[in-house]
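Numbering (my numbering), first residue to last: 4 to 74.
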């Protein structure tokens with residue numbers, strides 16, 4: 004299953020993130036995002052800030068990985 008998340012950064016810019024459940028492993032930042040989306044789709048939770056928190060974790064993981072590659 005694939006999800007497309009569109010984040011509206013401001014009036015002029017958006018960012019689209021495509022996630023597939025096949026790409027996710029427990030502990031990955033993508034896993035948290037997909038898990039939240041699955042719970043939302045199943046009616047188990049109201050996304051609210053949860054998806055934002057998961058996206059922030061995803062960005063932090065990616066930034067940390069980039070920093071490690073540079074070092």
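Quick reminder that beta carbons are idealized off the backbone N, C-alpha and C, glycines included.
A Cβ-Cβ distance of about 5 angstroms is found for the pair residue 39 and residue 57, placing them in contact under the 8 angstroms criterion. Just so you know, the alpha carbons of residue 72 and residue 46 end up roughly 39 angstroms apart. Exclusion of the five residues before and after residue 65 leaves no residue of its chain whose Cβ lies closer than 6 angstroms to its Cβ. Taking the CA atoms as reference points, residue 70 sits about 10 angstroms from residue 63.
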